[in-house]
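Chains as they are written, first to last, in the UniProt record's numbering: chain R, 1 to 249; chain B, 1 to 290.
Note that the Cβ used here is the ideal one computed from N, Cα and C, for glycine as well.
Here is the structure we will look at.
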Ligand code: SF4
Ligand code: SF4
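Here it is as structure tokens:
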């Protein structure tokens, strides 16, 4: 049903730490690896070894350069997957009821056997979190690894989304935002986690932690600096003579 | 947005078809028998042809019936209901006109109302999307409605109504273009708000996630060269409004009327191509485009 639940019991989602992400794309690979074999249709590739490869991904890492008013530019890696919005526009536009938001944990899912592949939900999502699989003709999106997080066949430490389990930098955290004591709620509060495109009113559950301020170089000259100063500024002796003579020519 | 032929055909043809059905339902022209039959065949060909074109781009057209289930929230679903209801009601009304030579006015009015609702529902599929600021405006339904009615009046041979409605459609179209050109900037969505990195400094897309294209960039990031857009707008307006109006001002003849209708249709195609091609989806910001 594409009516959104008035509220959900839990609000499961991710915190993504832009300060810590090193842009290795491991989450992209582990996401594709898990999700191509599990929930729903596989994530197809078109022309994977050819000149123009493309394919379906549920998680992609962008990189942005940010130039402050003063000082050096910063490079920030930016993983992006479905933010499991509380006011998910992708759900309400769906004509078939294939897209829905779960009342129990707030996860936004697509029931692929109902999806007609009209693509309207992908148009309605501001974040580019939905991709129509070109082989299967159905809409694919992040399931928050719904088939891992409750899966009692997996060891307990694996019952988190594949991206969270894989991230070598610990830049991705999974938990319940409805619980103010949860790891994700506390991280968001401590680090000032933000919403993406808040002006669109989607109320994303996933939060992004902005990069912390960088160290400043001013006033921190290394103690070895005097020894590293250039010794000879101007050439002397024969080279100096040559330099001066040539300069006069 | 990618200007796919299926959506251009769908919105243009079914807009024209339901526009004509509005006039037929209201009893303009007041025809029965074979003449009525010809008018109804034309309107159904346009309306049904447009609707079936819209299924070309579906990943699973065989499940299209499921699209009727979510009328409570989805404009696409409502559009399905209104169009089918309009076509059924007007089929009964048309049968009365063609076979029995009687006009069941009440049925006609109901059908005309449902056809109007179809035009609005189609436009709301686009106007509801906050992610495409150019579409997210009351001018989008105004444009679909005025264009559909102008084309309908033209096909229904209602010369005076067609003249005024064409001029109105032209005005609304121009207003849509002028406000649309400012819509993305006025929406306040930028790469800074998309990434939340604005407070640190100026944000620039440095590396896309993959070197190749993907569904999102192919479907939602389409850039028309500005000088081409201006030329196409002039062509669209000339074909859609100016030429048909000139033809209508000439002494009436069927040849002129047919040319006016053809020119109008070509203009609508051109305007609809621009409607999609010029529309900026905010996801393009993540990819550093626009
Ligand atoms: S991020 Fe996009 S796909 Fe996910 S819930 Fe929000 S609008 Fe829907
Ligand atoms: S593509 Fe599928 S899930 Fe998305 S709006 Fe269409 S039917 Fe619903």
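Tell me the residue span of the alpha helix (DSSP H) that contains residue i.
| i | result |
| --- | --- |
| residue 267 of chain B | 254–277 |
| residue 32 of chain R | 26–35 |
| residue 17 of chain R | That residue, residue 17 of chain R, is in no alpha helix (DSSP H); its beta strand (DSSP E) goes 12–17. |
| residue 131 of chain R | From DSSP, residue 131 of chain R is part of no alpha helix (DSSP H) but of the beta strand (DSSP E) over 130–132. |
| residue 161 of chain B | 159–187 |
| residue 124 of chain B | 105–127 |
| residue 210 of chain B | Premise fails: residue 210 of chain B is in no alpha helix (DSSP H) and is neither H nor E. |
| residue 251 of chain R | As displayed, chain R neither begins before 1 nor continues past 249, which places residue 251 of chain R out of reach and without an answer. |
With 16 as the cutoff for other CB atoms within 10 Å, does residue i come out buried or exposed?
| i | result |
| --- | --- |
| residue 186 of chain B | exposed |
| residue 156 of chain R | exposed |
| residue 110 of chain R | buried |
| residue 233 of chain R | exposed |
| residue 181 of chain R | exposed |
| residue 238 of chain R | exposed |
| residue 178 of chain B | exposed |
| residue 79 of chain R | buried |
| residue 176 of chain B | buried |
| residue 151 of chain R | exposed |
| residue 147 of chain B | buried |
| residue 223 of chain R | exposed |
| residue 250 of chain B | exposed |
| residue 231 of chain B | exposed |
| residue 22 of chain B | buried |
| residue 252 of chain B | exposed |
Output needed for residue i: all residues of its chain with C-beta closer than 7 Å, excluding positions within five of it in sequence on either side, in chain order.
| i | result |
| --- | --- |
| residue 110 of chain B | 89 |
| residue 243 of chain R | 235 |
| residue 121 of chain R | 90, 93, 94, 99, 130, 139 |
| residue 169 of chain R | 20, 21, 22 |
| residue 64 of chain R | 76, 78 |
| residue 188 of chain R | 15, 207 |
| residue 118 of chain R | 95 |
If contacts are defined as beta-carbon pairs under 8 Å, then residue i and residue j qualify, I think. What distance do you get, rounded to the angstrom?
| i | j | result |
| --- | --- | --- |
| residue 96 of chain R | residue 114 of chain R | 5 Å |
| residue 131 of chain B | residue 282 of chain B | 5 Å |
| residue 116 of chain R | residue 129 of chain B | Residue 116 of chain R to residue 129 of chain B, Cβ: 18 Å. No contact. |
| residue 42 of chain B | residue 20 of chain B | 7 Å |
| residue 176 of chain R | residue 10 of chain R | 5 Å |
| residue 94 of chain B | residue 104 of chain B | Wrong, their Cβ atoms sit about 10 Å apart, outside the cutoff. |
Tell me which residues share the same chain as residue i and place their Cβ nearer than 6 Å to its Cβ, disregarding the 5 neighbours each side in the sequence.
| i | result |
| --- | --- |
| residue 162 of chain R | 30, 31, 34, 145 |
| residue 125 of chain B | 75, 76 |
| residue 273 of chain B | 3, 8 |
| residue 206 of chain R | 13, 14, 83 |
| residue 136 of chain R | 41 |
| residue 47 of chain R | 53 |
| residue 28 of chain B | 156, 158 |
| residue 191 of chain B | 203, 285 |
| residue 247 of chain B | 256, 259, 260 |
| residue 46 of chain B | 13, 16, 17 |
Over what stretch of residues does the beta strand (DSSP E) that includes residue i continue unbroken?
| i | result |
| --- | --- |
| residue 175 of chain R | 172–176 |
| residue 74 of chain R | 74–81 |
For residue i, which residues of its own chain have a beta-carbon under 8 Å away from its beta-carbon, when the five flanking residues on both sides are left out?
| i | result |
| --- | --- |
| residue 11 of chain B | 50, 122, 144, 272, 275 |
| residue 149 of chain R | 12, 159, 160, 161, 174 |
| residue 85 of chain B | 114 |
Please identify, using Cβ separations under 8 Å, the residues of the segment 62–78 of chain R that lie next to chain B, in order along the chain. 62, 63, 64, 65, 66, 67, 68, 69, 73, 74, 75, 76, 78
Output, in sequence order along the chain, the residues in the segment 176–190 of chain R whose CB is closer than 8 Å to any CB in chain B. none
Which residues, in chain order, does the segment 114–128 of chain B contribute to contact with chain R at a C-beta distance below 8 Å? 125, 128
Along the segment 45–62 of chain B, what residues have a CB closer than 8 Å to any CB found in chain R? 57, 58, 59, 60, 61
Between the segment 136–151 of chain B and chain A, which residues of the former have a C-beta closer than 9 Å to a C-beta of the latter? You won't find chain A in this structure, because its protein chains are R and B.
Contact residues within the segment 200–213 of chain B, judged by C-beta distance below 9 Å to chain R: 200, 201, 202, 203, 204, 205, 206, 207, 208, 209, 210, 211, 212, 213
Contact residues within the segment 69–92 of chain B, judged by C-beta distance below 9 Å to chain R: 69, 70, 71, 72, 73, 74, 75, 76, 77, 78, 79, 80
By the 8 Å beta-carbon criterion, what residues does the segment 38–54 of chain R contribute toward chain B? 52, 53, 54
Scan the segment 177–191 of chain B for residues whose Cβ lies nearer than 7 Å to a Cβ of chain R and list them as they occur along the chain. 188, 189
At a CB distance below 8 Å, what residues from the segment 189–208 of chain R approach chain B? Give them in sequence order. 194, 195, 196, 197, 198, 199, 200, 201, 208
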